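Residue numbers (my numbering), protein chains in the order written: chain C, 318 to 1113; chain S, 3 to 68.
Taking it in order: structure first as structure tokens, then the write-up.
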Amino acid sequence: MANEICYHCGTDCGSKPVVYDDKPFCCNGCKTVYQILNENELSCYYDFEEAPGKIPEEIKGKYNYLDNEQIVEKLYDFRDGQTSVITFYIPHIHCSSCIWVLENLNKLHKAISNSQVNFPKKEVRITFNNIKISLKQVVELLSSIGYEPFISLEDTTVSKRKVDRSLIYKLGVAGFAFGNIMLLSFPEYFQSNEYWLDKYKPLFRIIIFVMALPVVFYAANEYFISAYKGLKHKILNIDVPIVLGIVVLFLRSTYEIFFNIGQGYLDSLSGFVFFLLLGKIFQQQTYSFLSFERDYKSYFPVAVTKINKDRSESNIAVYDVKEGDRLLIRNNELIPTDGILISGNAQIDYSFVTGESLPVAKKSGDKLFAGGKQMTGAIEMDVLQTVSQSYLTQLWSNDVFSDHKVSTIKNLTDSISKRFTIIVLIIAFLAGAYWYFKDVTMVANVVTAVLIVACPCALALSAPFALGNMLRIFGKQKLYLKNTAVIENLSKIDTIIFDKTGTITTNRTKISFDGIPLSQDEKQAVKSVLRSSNHPLSRMLYNEFEGDEQLEVDAFNEVVGKGLEGTVNHYHIKLGSADFVHVKEDQSVQTQSFISINNNIKGKFIFENSYRDGIEDIFNELKDNYRLGILSGDNEGEKEMLKALLPRDTDLIFNQKPSDKLDYIKNKQGSGGNVLMVGDGLNDAGALAQSNVGIVVSENINVFSPASDGIIDATKFNVLPHFIKLSRKTLKVIKLSFVLSFIYNFIGMLFAITGNLSPIVAAILMPLSSISVVIFVTIATNYVAKSTKFTSVNKT
Amino acid sequence: MDIIFLMISVSIVIAIIFFVLFIKSVKSGQYDDLYTPSVRMLFEDEFINDESKIKETKSINQITNK
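This is the structure in structure tokens:
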């Protein structure tokens, strides 16, 4: 019989579901959430989406620190005598049911007056009466229905991000001016020497002029600033010819209008700025639910529990932790700094730091490193270092993190614009010289016309649209890049360095058995014994065995950090470390668990991280064009195996500390390499920041990942070579579109040099060239992406 | 034909009104979250108020008043 699925969270209920209200639940936690929602008229939660919930986590005591006003002060968005407003990040927000239930929080507690979800950011903003309900109670309320907020150190140290909406305003201003100026310019284009038109011409022109002012001085101001900065550093970036065009367009139009010579080119000018800003918006597309700037702060807790001399507990802010303090780390809490384990059963999960998914057992007296997560029960530790000086966090004092990453690779558009600007100036000069001898009155006219026509609108638009579109295509294929410049950098990569654990290995553990095969009866007995244990390795083994007949276990005993034993029928089973099972310890570095039945040693289970599918293919595909390397923090245990698996000239470097990884990348760059670093954990953070492109492999993109240029979903890891190829093709598309826009410039130049550039020609040529270039790059990038078949390699 | 003064001023005033409305809507954060409102508008007051189901001891009170 197939097991029922939990009504609340959708997990398999196993053989004994908790039944309540005729509905199956996998555990009491889920049942309680259902009860809560049902009693508060919120059972519609289950109608929008099937099984939308999450098993509520045990949080007892975890949020005690929220009662400490000093610590939580910075968490609030707003606070006065009665009302508090706070924004929480809740990773579980994933469907319409979530939005509905979170926006109806006032049904659960009257003191909550309003709650609003921002779905793309997975945030909820809660307004509550702080006299009737405390912050801690709000958090506990959220947790009780399965929406535990994620509160990290970052929330208290970083001032709330301000939303920058200036680009939208500027686009609005430019669009408004463009439309209205176009409308008012129209009569003059079509009719000349008409009585009424002549009469109102000055009025029209003045209105046009007034509307163009904010376009030049407000909407386009960033281009002026950027061009000025470029010139200051002696770089002719693309904004220099843009600004030159804008200035010439504006001055000549002003001159024409005030001396009643013509209507000027202000419609072209505002259209030009409008299109440029449109390109900027298109390029600015980001993934608001992802963060590419995280460091350890967004992962570390706000406060920890300190055990005072008199054994009383108090909550202190994590930055106040001093050397010699004794801390209590509860189940699922994070170790904030380096220390020594004093008591308790420590199983530390370092997956966020190293990518290693198997927890490590520690005995009292062992050293604990910052960044690990305690997995089983509470432990006590003595602090050796303050938070900012720990093994892990001192990495962030490296210059790489304080300096903004200066792109060593020159942007394609800027390198072209340098030549472009020089050529345009030469042409303007030559044309001016020619007309000087032929007809002096035409000189100013022709020179300004050349500069107007040369305004590289199409040129400036092709890269933003091509890269912006490609960014979206990458996003659909689950490679999320920070910005469009990453695509350009990616196309210039010549060295690729991989981290080992968690990057080229999966977090799924492969369990193999070495020894005398177990009989079916024995397997059933072992499984029954394992059922009673919560140790992570036991859970893994438990899932590995088939059959679900439940046998009674006698004399069950679990020795913390050693192993477990129990008697099932006539089998006495012992499972655990070498000395627990009385086997001679071998020198293997692998994680293993020995088993004996009735004191006969049967063999051992070996837990290994398995390599990702197709890892060999990826390396073989990349080896011809790129220098490859593996940079691992682990010991050399798997060196031989990797050697066999990977192409011969792959660098294999082990025992690397986080700062070593950073230096290694720096070295490679010193010898002229453009390095792509592929990593996953906090220990790669330095290397990721130092490399030209740093990409993080993530099993679940919603959980923490260190600062990087891009995040790739682990299932798409084997498509990585295609992404690099595609980024190269994108650059080719941009180059082709440059050719197209040069043709337009050439045509315009013919009008300009012969002195025939009328406002109407400019008004037609400018939008035509911009729009056709945008259409061209959009179609071309889509075509290129389609011809690179992502699906054919996507076996997993 | 002096009516054209009136027409132009009216058209520009209307354009400016819309422009101001646009600026206001941006300022109020309308463009910050383009997804959630599209879901929110589909919700109605879907509260199920079934007296028989409301137990005497509300478990929620136990949780928040601890």
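We put the beta carbon where it would ideally sit given N, CA and C, even for glycine.
Quick caveat: nothing in here was measured; it's all calculated off a predicted structure.
Do residue j and residue i come within 7 Å of each other at the CB atom, strictly closer than that value?
| i | j | result |
| --- | --- | --- |
| residue 768 of chain C | residue 561 of chain C | yes |
| residue 778 of chain C | residue 1087 of chain C | yes |
| residue 936 of chain C | residue 969 of chain C | no |
| residue 654 of chain C | residue 707 of chain C | yes |
| residue 927 of chain C | residue 609 of chain C | no |
| residue 986 of chain C | residue 801 of chain C | no |
| residue 948 of chain C | residue 978 of chain C | yes |
| residue 998 of chain C | residue 785 of chain C | no |
| residue 890 of chain C | residue 861 of chain C | no |
| residue 693 of chain C | residue 664 of chain C | yes |
| residue 832 of chain C | residue 919 of chain C | yes |
| residue 498 of chain C | residue 587 of chain C | yes |
| residue 685 of chain C | residue 658 of chain C | yes |
| residue 467 of chain C | residue 504 of chain C | no |
| residue 1029 of chain C | residue 1010 of chain C | no |
| residue 875 of chain C | residue 868 of chain C | no |
| residue 617 of chain C | residue 452 of chain C | no |
| residue 821 of chain C | residue 929 of chain C | yes |
| residue 441 of chain C | residue 405 of chain C | yes |
| residue 782 of chain C | residue 1094 of chain C | yes |
| residue 437 of chain C | residue 490 of chain C | no |
For residue i, which residues from the same chain have a beta carbon less than 7 Å from its beta carbon, with the 5 sequence-adjacent residues on both sides left out?
| i | result |
| --- | --- |
| residue 723 of chain C | Because residue 723 of chain C sits at a pLDDT of 49, beneath the cut-off of 50, its placement in the model cannot be relied upon, and the following sentence gives the value as read from the coordinates. There are no such residues. |
| residue 764 of chain C | 745, 748 and 749 |
| residue 556 of chain C | 540, 543, 544 and 547 |
| residue 879 of chain C | 893, 894 and 897 |
| residue 1055 of chain C | 733, 776 and 779 |
| residue 10 of chain S | none |
| residue 1096 of chain C | none |
| residue 380 of chain C | 453, 456 and 457 |
Quick one: what's got a C-beta closer than 8 Å to residue i's C-beta in the same chain, skipping five residues either side?
| i | result |
| --- | --- |
| residue 373 of chain C | 346, 347, 349, 350, 460, 461, 462, 463 and 465 |
| residue 620 of chain C | 382, 385, 388, 632, 633, 634 and 635 |
| residue 1073 of chain C | none |
| residue 1105 of chain C | 1039, 1042, 1043 and 1046 |
| residue 640 of chain C | 700, 701, 702 and 703 |
| residue 753 of chain C | 760 |
| residue 956 of chain C | 969 and 971 |
| residue 484 of chain C | 594, 597, 598 and 601 |
| residue 529 of chain C | 494, 498, 567, 570, 583, 586 and 587 |
| residue 953 of chain C | 971 and 972 |
For residue i, which residues of its own chain have a beta-carbon under 6 Å away from its beta-carbon, when the five flanking residues on both sides are left out?
| i | result |
| --- | --- |
| residue 790 of chain C | 1102 |
| residue 61 of chain S | Here the model assigns residue 61 of chain S a pLDDT of 45, short of 50, so the residue's position is not dependable, and the following value carries that caveat. Closer than 6 Å at the Cβ level, and outside the excluded window around residue 61 of chain S, lies no residue. |
| residue 369 of chain C | 412 and 414 |
| residue 871 of chain C | 884 |
| residue 64 of chain S | With a pLDDT of only 45 at residue 64 of chain S, under 50, the local geometry of the prediction cannot be trusted, and no value is derived from it. |
| residue 725 of chain C | Because the pLDDT of residue 725 of chain C is 46, which lies under 50, any placement of that residue in the model is unreliable, and the number read from its coordinates should be weighed accordingly. Nothing listed; no residue qualifies. |
Alpha helix (DSSP H) containing residue i: first to last residue?
| i | result |
| --- | --- |
| residue 355 of chain C | 345-356 |
| residue 481 of chain C | Residue 481 of chain C -> no alpha helix (DSSP H), and no H or E assigned at all. |
| residue 454 of chain C | 452-461 |
| residue 628 of chain C | It is not in any alpha helix (DSSP H) - residue 628 of chain C carries neither H nor E in the DSSP assignment. |
| residue 528 of chain C | 512-531 |
| residue 1003 of chain C | 1002-1007 |
| residue 419 of chain C | 413-420 |
| residue 341 of chain C | Per DSSP, residue 341 of chain C belongs to no alpha helix (DSSP H); it is in the beta strand (DSSP E), 340-342. |
| residue 747 of chain C | 729-755 |
On the DSSP letters alone, give me the boundaries of the beta strand (DSSP E) that residue i sits inside.
| i | result |
| --- | --- |
| residue 589 of chain C | Per DSSP, residue 589 of chain C belongs to no beta strand (DSSP E); it is in the alpha helix (DSSP H), 583-600. |
| residue 440 of chain C | 440-446 |
| residue 913 of chain C | 908-914 |
Review point. For the stretch 27-50 of chain S, which residues have a beta carbon sitting closer than 8 Å to at least one beta carbon of chain C?
Key: For the stretch 27-50 of chain S, which is checked against every Cβ of chain C, the residues closer than 8 Å are 28, 29, 31, 33, 34, 35, 36, 37, 38, 41, 42, 44, 45, 48, 49 and 50.
Check your understanding: Going along the chain, which residues of the stretch 11-24 of chain S sit with their C-beta nearer than 9 Å to a C-beta in chain C?
Key -> 13, 14, 17, 18, 20, 21 and 24
**Study point:** Continuous beta strand (DSSP E) assignments of at least 3 residues falling wholly in the stretch 804-885 of chain C
**Key:** 812-816, 822-832, 870-876 and 880-885
Check your understanding: Considering only residues of the stretch 919-979 of chain C, which uninterrupted alpha helix (DSSP H) runs meet the minimum length of 4 residues and lie entirely inside it, listed in chain order?
Key -> 932-939 and 956-962
Exercise for review: At 4 residues or longer, and completely inside the stretch 1076-1108 of chain C: list those alpha helix (DSSP H) runs for me, N to C.
Suggested key: 1076-1104
Review point. Considering only residues of the stretch 357-404 of chain C, which uninterrupted alpha helix (DSSP H) runs meet the minimum length of 4 residues and lie entirely inside it, listed in chain order?
Key: 362-365 and 386-389
Exercise for review: Please list the segments of the alpha helix (DSSP H) lying wholly inside the stretch 1016-1050 of chain C, counting only runs of 4 or more residues, in order along the chain.
Suggested key: none
Review point. Listed from N- to C-terminal order along the chain, which residues in the stretch 478-494 of chain C have their beta-carbon within a distance smaller than 7 Å of any beta-carbon of chain S?
Key: 480, 482, 485, 486, 489 and 493
**Study point:** Selection of the stretch 434-457 of chain C by Cβ proximity to chain S, strictly under 8 Å
**Key:** 434, 435, 436, 437, 438, 450, 454 and 457
Practice item. Output, in sequence order along the chain, the residues in the stretch 513-524 of chain C whose CB is closer than 9 Å to any CB in chain S. Key: 513, 516, 517, 520, 521 and 524
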